[in-house]
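A quick write-up on the structure given underneath.
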Amino acid sequence: MDPEFARHLKTKCPPPSNTGSDPTVPLEIQTPNKLDNKYYKDLKNHRGLLASDQTLFYSPSTARMVKNNARYGENWGNKFAAAMVRMGAIDVLTGTQGEIRKNCRVVN
147 MDPEFARHLK
157 TKCPPPSNTG
167 SDPTVPLEIQ
177 TPNKLDNKYY
187 KDLKNHRGLL
197 ASDQTLFYSP
207 STARMVKNNA
217 RYGENWGNKF
227 AAAMVRMGAI
237 DVLTGTQGEI
247 RKNCRVVN
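Residues in the sequence shown are numbered consecutively from 147, following this note's numbering.
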């Protein structure tokens, strides 16, 4: 992990306490409220928040995709939009076929 990024995270993530509060940080700190390709640029700069995120850059099967998404932001945006449209076409279960979970981790 980039040392400067690690120092930044330490200021946001204090040692565990019994207060019950859980500090949060965005997965991408430059433009957390904007949909762009900065996430992939951060991975190239060793600024992945989660180890699983950073693995995308180090894995031979996904590294090229990360580099392309970081370099070609407009292409990434177009691919992302197309993927969202495809996901919107997935059949949604209705009525008694599906359920709305009270806790997303547990089947009702």
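Using N, Cα and C, we set each Cβ at its ideal position, and we do this for glycine too.
Span of the alpha helix (DSSP H) around K237: Here residue 237 refers to the residue found at position 91 of the sequence shown. Per the sequence presented here, residue 237 reads as Asp, with Lys not at that position. No alpha helix (DSSP H) contains D237, which DSSP labels as neither H nor E.
Pick from V212, E220 and L195 that is closest to I175, judged by C-alpha positions: For the purposes of this step, residue 175 is taken as residue 29 along the sequence shown, with counting starting at 1. When each option's Cα is compared against that of I175, the closest is L195.
Can you check DSSP and say which residues form a bridge with V253? On the sequence shown, residue 253 is found 107 positions in, with the first residue counted as 1. Paired residues: none, contrary to the question.
State the Cα-Cα distance for the pair L202 and K248, rounded to the nearest angstrom. Mapped onto the sequence shown, residue 202 falls at position 56. Mapped onto the sequence shown, residue 248 falls at position 102. Using only the alpha carbons, I get a separation of about 32 angstroms.
Per DSSP, what kind of secondary structure is H154 in: helix, strand or coil? Taking the first residue of the sequence shown as position 1, residue 154 is located at position 8. Three-state result, H154: helix.
DSSP three-state assignment for T201, whether helix, strand or coil: Taking the sequence shown and counting its residues from 1, the one referred to as residue 201 is at position 55. The answer is helix: DSSP assigns T201 an H, G or I state.
Taking N215 as part of the alpha helix (DSSP H), name the residues at either end of that continuous run. Locating residue 215 in the sequence shown gives position 69, where the first residue counts as 1. Looking at the DSSP string, the run of the alpha helix (DSSP H) that includes N215 is A209 to R217.
K187 versus V171 - alpha carbon distance: If you number the sequence shown from 1, residue 187 lands on position 41. If you number the sequence shown from 1, residue 171 lands on position 25. Taking the straight line joining both Cα atoms gives about 18 angstroms.
Rounded to the nearest angstrom, what separates P169 and H154 at their Cα positions? Start at 1 with the first residue of the sequence shown, and residue 169 comes out as number 23. Start at 1 with the first residue of the sequence shown, and residue 154 comes out as number 8. If you take the alpha carbons of P169 and H154, they lie about 13 angstroms apart.
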